[in-house]
Amino acid sequence: MGGPTDDRMIRVDMTKQVVTVEPFPDEWKLLGGRALSAHILLGECDPTCDPLGPDNLLVMAPGVLAGTSAPTSGRISIGGKSPLTGGIKEANAGGEPGQDLMKLGYRVILVKGRPADPDRRYALEVNSEGARVVGADDYKGYWNYALCEALAKKYSDTTSFISIGPAGEMQLTGASVACSDEKLRPARHAARGGLGAVMGSKGLKYVAIDNEKRPVRQPARKKEFNTLCKAYSKDYLGGPKWPVFKNGTAAVVPVANMLQTFPYKNRVEGQSPDAKTLDGARIIESFEERGGGMHNCMTGCIVRCSNIVHDAEGNYKTSALEFETLTLLGSNCGIASWEDVADLDRLCDELGLDTIETGAAIAIYMDSGAMEFGDAEGAKRILKEIAEGTELGVAIGNGAVAIGKKTKHHRVPAVKGQAIPAWDPRPLKATGVTYCTSPMGADHTAGLIVNPGLPEDQWVQASQEAQMVNAVCDSSGFCQFLQPNLDEIRQFYGHLYGEEVTREQIGDQAWQCLADEWEFNRRAGFTEKDDSMPDCMKQDAIGPAKVVWDVSPDLVRQAYERLEAREELFTMKATG
Amino acid sequence: MPQVCVPPPYQGPTRGLAEIEVRGKTVRECIDAVGSRFPGFRDQIFDPEGKVHGFVQLFVNGDEIGRSALDTPVDAGDRIEILAAIAGG
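Protein sequence lines, in the order shown, are assigned to chains A and B. Counting in our numbering, the first sequence runs from 1 upward without gaps. Counting in our numbering, the second sequence runs from 1 upward without gaps.
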């Protein structure tokens with residue numbers, strides 16, 4: 001035994017605006033992030049509740065290793081019942097809040113209730129002494145960047161922020177939760193599933209966390225833990241993994257295009273003629289003349305995959321411009337210029353919106369005939385309309401399914417109400433099994449398998465294993481781009497708490513996380529019908545091989561039966 | 001015979017085959033040999049001008065070779081690894 005002790009958890013009742021701080025149960029010490037969120041939600045949140053009502057529980061849970069010296073391990077999970085899918089949701093983000101909460105010894109913040117006056121805004125202030133709810137009406141309607149600039153002046157320079165923009169305040173179901181990075185930019189988003197709307201429904205505009213320059217959390221086996229950190233970092237930076245990420249996810253564009261998974265014009269094609277102008281290489285080229293560059297989004301990150309994009313005048317424009325954003329807001333909308341996508345990305349970060357959901361929604365609107373594909377200025381106007389609360393803006397801000405209903409358009413690529421990300425299930429069948437069976441809906445970070453040649457008899461196993469590994473990764477605080485495997489994660493856990501964590505334990509934790517989430521969804525009313533791909537994925541063939549989604553529902557559902565653990569389960573890398 | 005290791009993203013044309021033994025005296029000959037057996041594979045490695053794509057990295061027995069070093073000699077038992085620049089995101 002040993003390691004971090006006296007951890008606490010913060011409970012916030014937004015109906016009464018009161019806070020209680022409780023000891024964090026010792027038996028939960030190996031639960032963090034997604035697994036902790038799932039465990040608490042299943043136990044404390046009525047799955048049939050209104051996601052935007054007082055009974056929904058908003059969870060903010062850093063991973064187990066956050067706040068330690070483990071590399072790239074400070075991610076924070078935001079959880080709750082999703083207003084987008086109607087099921088359980090976990091979305092995680094980098095930035096500083098996860099590290100700061102854990103350095104203070106806070107393992108989770110739980111927010112329930114709802115203020116009587118929906119026009120009031122509040123903030124939660126957290127430091128080593130505890131937490132308190134304060135009024136924040138002055139910041140009502142603030143866009144995320146202006147908010148963080150104002151908060152930087154209000155609070156000490158050791159404070160980080162979790163915030164929502166206007167989309168969250170308007171409780172739009174595509175709204176994200178922003179986390180500030182090292183420069184206090186609200187550029188890291190727990191984006192998927194509309195959790196920003198849940199935060200908005202509770203009147204919570206932001207959370208300010210003052211780390212008070214607290215040191216990193218001390219492991220039980222300090223020497224072994226630090227040796228492991230150094231060896232792991234050396235192996236990562238010296239091995240073949242890092243070059244893959246050193247130019248950021250945007251560099252994936254040409255490969256994805258080649259593999260027919262760079263969707264074009266609301267996914268009617270798998271390749272885009274604009275792959276060259278949307279290639280992340282163009283962003284890298286811009287650094288020399290304009291400035292910007294690659295950086296780490298959180299303290300202690302060795303991956304440094306986040307790009308900082310400047311405009312033609314050399315001024316900061318946005319961060320990070322990711323592959324998924326270039327796809328959904330670029331290629332999928334027929335928009336050819338990465339600079340236009342950078343503008344749209346900035347607008348989404350400002351308003352607090354998921355770029356995947358928003359890009360998919362705009363593409364559906366374009367596909368319906370209401371706007372030309374490629375109309376970048378029109379897309380920017382729509383995003384600005386979201387802040388103005390126009391009927392169109394609200395429908396786009398509510399995501400793909402909402403705009404599909406409004407336009408009565410038939411092609412709505414979504415699973416469980418959530419838009420399908422760039423990685424396309426038609427060439428990537430095992431990833432499609434993930435989209436159908438993940439408790440999250442269509443989410444590539446739940447279990448991405450980029451192997452178009454994988455034989456059919458391996459799709460279920462590949463999906464289940466990827467879902468298990470990613471569930472643990474998203475519970476650990478590690479970034480998926482560090483690509484840790486289960487054996488590595490359990491070694492870190494073991495040295496942190498001074499006790500062996502076996503393969504059986506870590507495998508069970510992975511499965512229990514998924515089982516908790518599936519059970520929540522079952523109680524929420526999900527059935528087998530919710531595990532299906534939309535008709536457009538079954539009918540719209542892409543690529544020279546004319547691939548469609550043609551996987552039988554019976555095969556898909558095999559992913560719910562736990563397979564015997566193979567050696568490979570513990571050595572395969574997290575990937576998302 | 002040298003062995004070409006195909007990463008998962010490029011296993012579409014090889015229909016899931018990950019390790020393929022081929023006859024060849026250089027890296028180029030080995031990749032061409034895989035391409036001859038599996039249509040579509042070559043296009044994943046080379047652009048229309050015959051140059052290695054910028055997003056592909058090649059290794060021989062664990063050591064990275066430059067994209068233009070396709071004439072690097074290989075012997076029986078050597079492993080040619082292809083790394084695909086795949087990240088999510």
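All residues carry an ideal CB built from backbone N, CA and C; glycine is no exception.
Buried versus exposed, by CB contacts within 10 Å (16 or more), residue i
i: Gly417/A; result: buried
i: Pro413/A; result: buried
i: Asp47/B; result: exposed
i: Asn61/B; result: exposed
i: Arg490/A; result: buried
i: Gln539/A; result: exposed
i: Gly77/B; result: exposed
i: His189/A; result: buried
i: His495/A; result: buried
i: Arg107/A; result: buried
i: Glu568/A; result: exposed
i: Glu129/A; result: exposed
i: Thr261/A; result: buried
i: His410/A; result: exposed
i: Leu83/B; result: buried
i: Pro553/A; result: exposed
i: Ser319/A; result: buried
Any chain B beta carbon closer than 9 Å to residue i
i: Gln461/A; result: no
i: Ala251/A; result: yes
i: Ala91/A; result: no
i: Val469/A; result: no
i: Leu329/A; result: no
i: Gly590/A; result: Beyond the ends of chain A as shown, which are 1 and 576, falls residue 590/A; an answer cannot be given.
i: Ile76/A; result: no
i: Leu454/A; result: yes
i: Pro166/A; result: no
i: Ala35/A; result: no
i: Asn485/A; result: no
i: Pro427/A; result: yes
i: Gln458/A; result: yes
i: Pro254/A; result: yes
i: Met258/A; result: yes
i: Ile449/A; result: yes
i: Ala191/A; result: no
i: Ala466/A; result: no
i: Ala281/A; result: yes
i: Thr575/A; result: yes
Cross-strand partners of residue i (DSSP beta bridge)
i: Gln3/B; result: Glu21/B and Arg79/B
i: Gly189/A; result: According to the sequence displayed, residue 189/A carries His and not Gly. In the DSSP output, where bridge partners are listed per residue, His189/A has Ala178/A.
i: Lys112/A; result: Asp13/A
i: Ile76/A; result: Pro62/A and Ala93/A
i: Thr20/A; result: Arg11/A
i: Arg132/A; result: Glu125/A
i: Thr502/A; result: None, per the DSSP bridge assignment.
i: Glu64/B; result: Phe59/B
i: Ile542/A; result: Val547/A
i: Thr26/B; result: Pro73/B
i: Phe161/A; result: Ala208/A
CB contact below 9 Å: residue i versus chain A
i: Thr98/B; result: Because residue 98/B is not part of the residues shown, which for chain B are 1 to 89, the question remains open.
i: Gly16/B; result: yes
i: Phe55/B; result: yes
i: Gln44/B; result: yes
i: Pro48/B; result: no
i: Ile86/B; result: yes
i: Gln11/B; result: yes
i: Pro8/B; result: yes
Cβ distance (whole Å) where residue i is taken to contact residue j below 8 Å
i: Ser463/A; j: Thr437/A; result: 7 Å
i: Phe570/A; j: Asn485/A; result: 6 Å
i: Ser306/A; j: Cys297/A; result: 4 Å
i: Ala197/A; j: Leu52/A; result: 6 Å
i: Gly33/A; j: Gly63/A; result: 4 Å
i: Gly3/A; j: Gly378/A; result: At roughly 54 Å, the Cβ-Cβ gap does not stay under 8 Å, so Gly3/A and Gly378/A are not in contact.
i: Gly194/A; j: Pro115/A; result: Incorrect: roughly 19 Å between the Cβ atoms, too far for contact.
i: Ile80/B; j: Val74/B; result: 6 Å
i: Asn144/A; j: Ala178/A; result: 5 Å
Where are the alpha helix (DSSP H) runs, 4 residues long or more, that stay fully inside the segment 243-309 of chain A, in chain order? 253-258, 275-278 and 280-290
List in chain order: all unbroken alpha helix (DSSP H) runs of 4+ residues lying wholly within the segment 299-374 of chain A. 338-351 and 355-367
Pick out the complete alpha helix (DSSP H) segments inside the segment 190-230 of chain A, 4 residues or longer, and give them in chain order. 195-201
What are the uninterrupted segments assigned as alpha helix (DSSP H) that are 4 or more residues long and contained completely in the segment 445-476 of chain A, given in chain order? 459-476
Can you check the segment 379-437 of chain A for any alpha helix (DSSP H) of at least 4 residues that lies completely inside it and give the ranges in chain order? 391-397, 400-407 and 429-437
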